[in-house]
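Below: the structure, in structure tokens.
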Amino acid sequence: MSAAPVLLEMRSITKTFPGVKALADVNLVVREGEIHAICGENGAGKSTLMKVLSGVYPYGDYSGEIRYRGEEARFGDIRASENSGIVIIHQELALIPGMSITENIFLGNEPRKGVAIDWKTAQRRALELMKLVGLKEDPDTLIKDIGVGKQQLIEIAKAFAKDVKLLILDEPTAALNESDSQQLLDLLREFKTQGITSIIISHKLNEIEAIADSITILRDGKTIETLDVKADGVNEDRIVRGMVGRDMSSRFPDYTPNVGEVFFEVRDWTVRHPIAHDRLVCKQANFSVRRGEVVGFAGLMGAGRTELAMSLFGRSYGTWLSGQVFKDGRQIQLRTVSEAIENGLAYVSEDRKAIGLNLLDDIKTSIVAAKPAKIARHGVIDEVAEHRVAEEYRQELRIKTPSVDEGISKLSGGNQQKVVLAKWMFTDPDLLILDEPTRGIDVGAKFEIYGIIHRLAEQGKGVVVISSELPELIGLCDRIYTVFEGTITGEVARADADPERLMKQMTTTKKMPV
Amino acid sequence: MSGLQDLKKNLFGGTTSVGRQFGMIFTLVAIVLLFQVLTDGLTLTSGNLIAVVSQYSYILILAIGMLMVIVAGHIDLSVGSVAAFTGIVVAKAIQNFDVPWPLGIVLGLVVGALIGAWQGFWVAYIGVPAFIVTLAGMLLFRGGNQFIGNADTVPVPEGFRTIGAGYLPEVGPATGYNNLTLLLGLIGCLAVAWREWQARRTRQEMGAEPAPLWISGVRLAVMVGVIIFATLRFAGGRVGTSLPVSGIILIGLVLIYSFYTRNTVSGRRIYAVGGNARAAELSGVKLQRVNFFVMTNMGILAALAGMIFVARSAASGPQDGLSWELDAIAAVFIGGAAVSGGLGTVSGSIVGGLVMALLNNGLQLMGVGVDLVQMIKGLVLLFAVALDVYNKSQGRFSVIDSITRPFRREGPPAAPVPADVSRPNDKTPAAS
Numbered sequence: 002m003s004a005a006p007v008l009l010e011m012r013s014i015t016k017t018f019p020g021v022k023a024l025a026d027v028n029l030v031v032r033e034g035e036i037h038a039i040c041g042e043n044g045a046g047k048s049t050l051m052k053v054l055s056g057v058y059p060y061g062d063y064s065g066e067i068r069y070r071g072e073e074a075r076f077g078d079i080r081a082s083e084n085s086g087i088v089i090i091h092q093e094l095a096l097i098p099g100m101s102i103t104e105n106i107f108l109g110n111e112p113r114k115g116v117a118i119d120w121k122t123a124q125r126r127a128l129e130l131m132k133l134v135g136l137k138e139d140p141d142t143l144i145k146d147i148g149v150g151k152q153q154l155i156e157i158a159k160a161f162a163k164d165v166k167l168l169i170l171d172e173p174t175a176a177l178n179e180s181d182s183q184q185l186l187d188l189l190r191e192f193k194t195q196g197i198t199s200i201i202i203s204h205k206l207n208e209i210e211a212i213a214d215s216i217t218i219l220r221d222g223k224t225i226e227t228l229d230v231k232a233d234g235v236n237e238d239r240i241v242r243g244m245v246g247r248d249m250s251s252r253f254p255d256y257t258p259n260v261g262e263v264f265f266e267v268r269d270w271t272v273r274h275p276i277a278h279d280r281l282v283c284k285q286a287n288f289s290v291r292r293g294e295v296v297g298f299a300g301l302m303g304a305g306r307t308e309l310a311m312s313l314f315g316r317s318y319g320t321w322l323s324g325q326v327f328k329d330g331r332q333i334q335l336r337t338v339s340e341a342i343e344n345g346l347a348y349v350s351e352d353r354k355a356i357g358l359n360l361l362d363d364i365k366t367s368i369v370a371a372k373p374a375k376i377a378r379h380g381v382i383d384e385v386a387e388h389r390v391a392e393e394y395r396q397e398l399r400i401k402t403p404s405v406d407e408g409i410s411k412l413s414g415g416n417q418q419k420v421v422l423a424k425w426m427f428t429d430p431d432l433l434i435l436d437e438p439t440r441g442i443d444v445g446a447k448f449e450i451y452g453i454i455h456r457l458a459e460q461g462k463g464v465v466v467i468s469s470e471l472p473e474l475i476g477l478c479d480r481i482y483t484v485f486e487g488t489i490t491g492e493v494a495r496a497d498a499d500p501e502r503l504m505k506q507m508t509t510t511k512k513m514p515v
Numbered sequence: 094m095s096g097l098q099d100l101k102k103n104l105f106g107g108t109t110s111v112g113r114q115f116g117m118i119f120t121l122v123a124i125v126l127l128f129q130v131l132t133d134g135l136t137l138t139s140g141n142l143i144a145v146v147s148q149y150s151y152i153l154i155l156a157i158g159m160l161m162v163i164v165a166g167h168i169d170l171s172v173g174s175v176a177a178f179t180g181i182v183v184a185k186a187i188q189n190f191d192v193p194w195p196l197g198i199v200l201g202l203v204v205g206a207l208i209g210a211w212q213g214f215w216v217a218y219i220g221v222p223a224f225i226v227t228l229a230g231m232l233l234f235r236g237g238n239q240f241i242g243n244a245d246t247v248p249v250p251e252g253f254r255t256i257g258a259g260y261l262p263e264v265g266p267a268t269g270y271n272n273l274t275l276l277l278g279l280i281g282c283l284a285v286a287w288r289e290w291q292a293r294r295t296r297q298e299m300g301a302e303p304a305p306l307w308i309s310g311v312r313l314a315v316m317v318g319v320i321i322f323a324t325l326r327f328a329g330g331r332v333g334t335s336l337p338v339s340g341i342i343l344i345g346l347v348l349i350y351s352f353y354t355r356n357t358v359s360g361r362r363i364y365a366v367g368g369n370a371r372a373a374e375l376s377g378v379k380l381q382r383v384n385f386f387v388m389t390n391m392g393i394l395a396a397l398a399g400m401i402f403v404a405r406s407a408a409s410g411p412q413d414g415l416s417w418e419l420d421a422i423a424a425v426f427i428g429g430a431a432v433s434g435g436l437g438t439v440s441g442s443i444v445g446g447l448v449m450a451l452l453n454n455g456l457q458l459m460g461v462g463v464d465l466v467q468m469i470k471g472l473v474l475l476f477a478v479a480l481d482v483y484n485k486s487q488g489r490f491s492v493i494d495s496i497t498r499p500f501r502r503e504g505p506p507a508a509p510v511p512a513d514v515s516r517p518n519d520k521t522p523a524a525s
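Shown next as structure tokens:
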């Protein structure tokens, strides 16, 4: 395999965002006709690297060199890379639901006859391309009327309409069920026999093990190693070791947990996807939280952790099918968000800008927003009390701002996160669910957030932390549940938690012995 | 916090595009002074001011409701038709069924509430965009007006006309002024002074340093001055006139709704929904209830505006309320509301509405034709919003801000700040 000539070489690629080095001296060598997998934790730099390659970040925006088919390539935009035969299929499908299969395949690339679109040719070629990807559908069918698996195939057909040489797939099977995934992987193998090179980014290590010829592992924006699957005898464990090996000392404040009795319990929680009715996002989930305990939920993107949390929090996601919640031994109802708040639940969303905060608000208004009744009398807000409360949280959580009258949008990410935490602490919750509480904030602020989480636990509250960073979960939590495809696949105590074990449980549906 | 900022805050509250509103106050003053000169002093005569109030009060009442609709992220195109529909229903009820006129007013408010609830139902519970619902309502209730009234005018009795064309009675000693208006002015002055004192006390309770005394003094003097001037003008018109009853209704509504939107839990929810509906929902706000409420409330205020107009013109007709929605919407946007919702204040919308009203009035006094007046109003709306959009894209708050910056005295921060404060940069996005 390694005898094949090099198709693509990326040499010491470095890409910086304000304040963050997303890629540092990354190297990637892809040979002709192989399936090359790129592995790494969330935030390791996989997608950034592919964006550099496909011209989303144009030449000049990064440093380093891209050599493609023996020449240096300087792509100014996506079109430039597509013209050279590099086509990327993103995780979020870029199809227009209300348009037909033919229209989507040739979107922006329509065959023409004079000024008009040549629909006849388009339709004929659409049929050819669909045959190529093994799809039997009427080309006039609207995208919204076919399943996600078929949509993924349409995306690939679209790539072939552009004369693809190097196909990049970012998490192609993330949204697919088992059989659709299998079909897609078979297709990739078939392309390989036709001499098409593919790069695949995937969290599903079993798939990678099965399909890839070589694997490049990224961690923290750096190339860790490149493995030849056959020659090196690579298996899932080997990949996991490469992905997670990292120093975790002194990133967490000192803390001695004081865990009490179980007070919160979820049984048999099953939730259906809001649109795709044949998909369950939570499958009979059972878990419990003790007083003063920090419980982690580990899982890959799309594993269903957020969905589980939000469906618990007033059925804010999906359709509830079955399951009960018990608090202090008594069954409680969590049908609406207000009911959840009254029952002492708080949910700090993973996306503070989109759904966590009103960015038009000022700090003090945001802090009281989830339970304004606490500072109001007969529905009239006591401004003095509001200001006092905000001031208390500003000092307690060290929110860096000249005044609590400042607008939220003026704060840095870490300080915004503290405001969201304050907002939910203000509701006097017994159980806080923190979804990716340190996403997009710098190391110093992370340390402070960890301290806040510990303090909440010390007060006897239960804290659930959902995080994609395993070291964070291991450093922070007393107990960790692993989630894969909507199923809780295991439960690991702090003492037994190591990244490899967790990663294994996060990538398999098989229940592990606890 | 500088005195100027403080002044702005106290005039408008903090949750809005203060810059544009403050700019609008300047614009309003400039327009008044400009027309005062151009019309040889006609603008600020008692007669003209009274006419302006009774002529535009219903638009301003609509602007209050429209502000709340727009803050929640919607729009209401039907207000003119709803006003006309309510007007004809009330006029017909009084004429054909001998409904006493006070009951007629109640009937009108109920009709408005029902229409608002009807539209609110579609917007909040079915999820039809308000633009469509109220576009349909615009046709529906315009047609309804002509259907019920046979496209004819229906007169209303004397008593009913009070709310649109009435004045405060002349009581007490002959001072040469309308005594009740003077009394209102006095109450206004006291209220302003009390509020200022209250605001200072509140800041002290918050542990923040109140604005320097002289700033309070200046602010108070300006406000009291304006109130006294207005009082004397409104009280000093032709005998039998005063501050119009419709103006008093308007002032009452402004006070109530300002308080409601700024100081109550449910008022704030409107801003939360308009600012980020999903975040509001996840904070326990019931979106449907808020949306239903703002639409229903708009219906009630549209009904009130319609009745005031009918009262003023002594009859309800098929052309009532034509294109009112546009004036109301323009007032709200000139007054600093954001098209995307979540921003805006009642007082700002009133200022925006007054800018339009005085512009209209001044141009009319100068004998400018309706054609030109419309063109000028259109351009004012465009430029007012464009200026704000431009300034925001430049990272500045407003032109007025940048003009006044050199004169601003930076006071101590409002509250003690920990030593390690580094002011976060506005433009650097969070590292991701």
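Protein sequences appear in the order of chains L and E.
Whatever position you read off the first sequence (first residue = 1), add 1 for the working numbering.
Whatever position you read off the second sequence (first residue = 1), add 93 for the working numbering.
Where is the CB? At the ideal position from N, CA and C, for every residue including glycine.
- Rounded to whole angstroms, E/Val175 and E/Asp420 show a C-alpha spacing of 15 Å.
- Counting only the Cα atoms, L/Tyr348 lies some 20 Å from L/Ala446.
- Linking E/Ser416 to E/Met449 through their CA atoms gives a straight-line distance of about 14 Å.
- For E/Ala372, the closest Cβ of chain L is nearer than 7 Å.
- For E/Gln239, same chain residues with a beta-carbon under 8 Å away, outside a window of 5 residues either side, are Pro411 in chain order.
- Chain E places a beta carbon closer than 7 Å to that of L/Gly380, counting this residue as a contact.
- Annotated three-state conformation of L/Ile400 is coil, per DSSP.
- Non-local C-beta neighbours of E/Leu343 in its own chain, meaning closer than 7 Å and more than five positions away in sequence, comprise Ser150, Leu153, Ile154, ordered along the chain.
- Beta-bridge pairing by DSSP links L/Gln153 to no other residue.
- At a cut-off of 7 Å, the C-beta of E/Ser376 has a neighbouring C-beta in chain L.
- The beta carbons of E/Ala372 and L/Leu358 sit closer together than 7 Å.
- In chain order, Pro258, Val260, Gly261, Ala458, Gly463, Val464, Asp479, Arg480 place their CB closer than 8 Å to the CB of L/Glu294, counting only its own chain and leaving out the 5 sequence neighbours on each side.
- Secondary structure note for E/Arg326: its alpha helix (DSSP H) is the uninterrupted segment 306-328.
- With a contact defined as Cβ atoms closer than 8 Å, E/Phe253 and E/Gly197 qualify at about 6 Å.
- A residue is called buried when at least 16 other Cβ atoms come within 10 angstroms of its Cβ; L/Pro6 does not meet this threshold and is exposed.
- Rounded to the nearest whole angstrom, the CA to CA distance from E/Ile168 to E/Pro222 is 9 Å.
- E/Met299 is positioned such that its CB atom lies no closer than 7 Å to that of L/Val405.
- Annotation for E/Trp215: no beta strand (DSSP E) segment contains it, and DSSP assigns it neither H nor E.
- The beta carbon of L/Thr122 sits closer than 6 Å to those of Pro112, all from its chain and outside the five residues before and after it, given in chain order.
- Bounds of the alpha helix (DSSP H) holding L/Arg502 are 500-507.
- Three or more beta-carbon pairs drawn from the stretch 444-459 of chain E and the stretch 421-431 of chain E are found closer than 8 Å, and the two stretches are therefore classed as touching.
- For E/Val358, at least one C-beta of chain L is nearer than 7 Å to its own C-beta.
- In the DSSP assignment, L/Gln460 falls outside any beta strand (DSSP E), carrying neither H nor E.
- Less than 7 Å divides the Cβ of L/Leu335 from the Cβ of L/Gly315.
- Following the DSSP letters along the chain, one finds L/Gly65 inside the beta strand (DSSP E) bounded by residues 64-69.
- Only Ser317, Val338, Ser339, Ile342 from the stretch 310-344 of chain L bring a Cβ to less than 7 Å from some Cβ of chain E.
- The CB of L/Ala377 comes closer than 8 Å to the CB of Thr357, Val358 in chain E, given here in chain order.
- Residues of chain E whose Cβ lies closer than 8 Å to the Cβ of L/Val296 do not exist, since the nearest Cβ in that chain is about 21 Å away.
- Around E/Met161, no beta-carbon contact reaches into chain L at under 8 Å, the shortest distance being about 15 Å.
- For E/Gln297, the secondary structure class from DSSP, reduced to helix, strand or coil, is helix.
- In the three-state reduction of the DSSP assignment, L/Lys47 falls in the helix class.
- If you check each beta-carbon in the stretch 462-487 of chain L against every beta-carbon of chain E, none falls closer than 7 Å.
- Out of E/Val164, E/Gln148, E/Leu121, E/Leu142, the CA that lies nearest to the CA of E/Gly367 is found in E/Val164.
- Relative to the Cα of E/Val332, the nearest Cα in the group E/Ser139, E/Leu394, E/Trp307, E/Leu127 belongs to E/Ser139.
- Scanning its chain for C-beta atoms nearer than 7 Å, with the 5 sequence neighbours on each side dropped, one finds around L/Thr174 the residues Ser182, Leu185, Ser203, Lys205, Glu208, in chain order.
- The count of Cβ pairs closer than 8 Å, one atom from the stretch 232-244 of chain L and one from the stretch 35-43 of chain L, reaches three, so the stretches are in contact.
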